[in-house]
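Per the numbering used here, the sequence shown starts with residue -16, numbered consecutively. Backbone N, C-alpha and C define an ideal beta-carbon position, used for all residues, glycine too.
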Amino acid sequence: MTTVAAPAKVFADRIGRIEVSATMAVAAEAAKLRAQGAKLVDFGAGEPHFPTPQHIKDAAIAAIDANFTRYTVVPGIPDVRKAIVERHATDFGSDYSIDEAIFTTGGKLALFNTIQILVDHGDEVILPVPYWVSFKDIIQYAGGKVVFLETQESENFRITADAIEKAITPRTKAIILNSPSNPAGSVMSAQDLERIVHLAHERGIFLLLDECYVYLNYAGQCVSGGSYTWAKEHLVILGSLSKTYSMTGWRAGYALASKQVVANLSKLQSQSTSNASSIVQKASIAALAGPQDCVCEFRAEFIQLRDYMLKKLTEIPGVTCTKPEGAFYVYPNIGAFIGKGGIQSATELATRLLHEAHVVTVPGEAFGTSEHIRLSYPVTKENIDEGTRRMGEFLSKLG
């Protein structure tokens, strides 16, 4: 009798440590409904509604016309790295050389690669809650242990140095901070940021600063941890052009760090994506080194839309919401409706909002909380009116 061997394991253990991005899953489900003819109000997408500024598009077209379409050096051409470090130095007083900068295919790749080169199995990474959806999974993919740091809704989900210090253990390898934050729009004070930089530097802990929304700070002056040049050895600045210049589809990101860190990021990138698009590099130079009027204009409109969205949301009975101090999301508490109408979670509520009210939101479980949904407000005021009207009608029927 022939013995049949048991089938070999097909997939590596590490792929089981992550889930599909919740925001991407919501976008995919919304796309299916659109294809069926549904008229959706989309508060799901985390991207500006503005077109990419013309001078940036013109630079990309010029690059194509000049046949600048070949491979470049892995960390990006010197001119794009020069534009990155000069923009950051001008705006925040940092002091990086071009050898301390790498251009990546989106800010997410800069984060992913940074975790891969720094975090080993069992290393702890402190992550404040609520967190951007990909942080947890990227840490777990690398084999790291996520140490969740709860924040208080009553304090606008703000991160403090005292809380960070209490979470540090001998196994802490890194801390991830995102300010202004996705999803809650919370902003860390400059005083707390400086204290955390001191804590990390003195204890040899890497501080990963996701500055995706750094220019969308509505609480005061924009602050970057890169300003603390004495701590460069333990800082990694993770940046993106996506939100600042409305370039989400271009996939333009970067990291600023010590030469040793950047050299290892470049090594890993050389065996994965290699260089980012040559055309996008040229467009990014135009964005970073060109006029910055668009940044101020975008910011001013986001503030108006935030205030308008908050007004409309808080008119819905049972919905409460903190006031975001940055980014372009609101993170309302919908806990009053859980347990009503058969809804047992924020995920169920968001799913029914999508299918019954045709309003796209992202459930709070994706960000580490259970009583919230995230709404992105870079849309027209007409869409805010219609979307919140539909939400109000749906929620009122739950009893």
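Classify residue i as helix, strand or coil using the three-state DSSP reduction.
i, result
"residue 294", "helix"
"residue 61", "helix"
"residue 156", "strand"
"residue 378", "helix"
"residue 70", "helix"
"residue 328", "coil"
"residue 124", "helix"
"residue 139", "coil"
"residue 234", "coil"
"residue 97", "helix"
"residue 91", "helix"
"residue 4", "coil"
"residue 323", "coil"
"residue -6", "coil"
"residue 368", "helix"
"residue 334", "helix"
"residue 150", "helix"
"residue 168", "coil"
Spell out the partners DSSP gives residue i in its beta bridges.
i, result
"residue 133", "112"
"residue 84", "239"
"residue 355", "316"
"residue 107", "128 and 155"
"residue 345", "357"
"residue 309", "200"
"residue 303", "316"
"residue 161", "193"
Considering only their Cβ atoms, is the gap separating residue j from residue i smaller than 8 Å?
i, j, result
"residue 384", "residue 255", "The displayed coordinates of the chain run from -16 to 382. Any statement about residue 384 would go beyond what the structure contains."
"residue 161", "residue 115", "yes"
"residue 198", "residue 308", "no"
"residue 228", "residue 36", "yes"
"residue 167", "residue 140", "yes"
"residue 27", "residue 13", "yes"
"residue 271", "residue 67", "yes"
"residue 217", "residue 239", "no"
"residue 223", "residue 77", "no"
"residue 226", "residue 31", "yes"
"residue 380", "residue 291", "no"
"residue 87", "residue 264", "no"
"residue 359", "residue 89", "no"
"residue 24", "residue 354", "no"
"residue 323", "residue 382", "yes"
"residue 156", "residue 107", "yes"
"residue 1", "residue 120", "yes"
"residue 245", "residue 103", "no"
"residue 110", "residue 132", "yes"
Quick check: the segment 250 to 261 against the segment 4 to 23, are at least 3 beta-carbon pairs closer than 8 Å?
no
State whether the segment 314 to 325 contacts the segment 63 to 75, with contact taken as three or more CB pairs (one from each stretch) at a distance under 8 Å.
At 8 Å Cβ cutoff, the stretches do not touch.
If we count Cβ pairs, one from each stretch, closer than 8 Å, do we get three or more for the segment 327 to 334 versus the segment 173 to 193?
no
Take every Cβ of the segment 131 to 146, pair it with every Cβ of the segment 278 to 296, and state whether three or more of those distances are shorter than 8 Å.
no
What runs of the alpha helix (DSSP H), each 4 residues or longer, lie entirely inside the segment 171 to 232?
Inside the segment 171 to 232, DSSP marks whole alpha helix (DSSP H) runs of 4 or more residues at positions 173 to 186, from first to last along the chain.
Using a Cβ distance threshold of 8 Å, determine whether the segment 334 to 349 contacts the segment 0 to 13, with at least three qualifying pairs required.
yes
Taking contact to mean at least 3 C-beta pairs separated by less than 8 Å, is the segment 367 to 374 in contact with the segment 288 to 297?
yes
For the segment 8 to 59, which segments carrying the beta strand (DSSP E) assignment without a break, of at least 3 residues, lie completely within its bounds, in sequence order?
none
Could you pull out every unbroken alpha helix (DSSP H) segment of at least 4 residues lying fully inside the segment 239 to 282, listed in chain order?
Entirely contained in the segment 239 to 282, the alpha helix (DSSP H) runs reaching 4 residues are, in chain order, 242 to 253 and 261 to 272.
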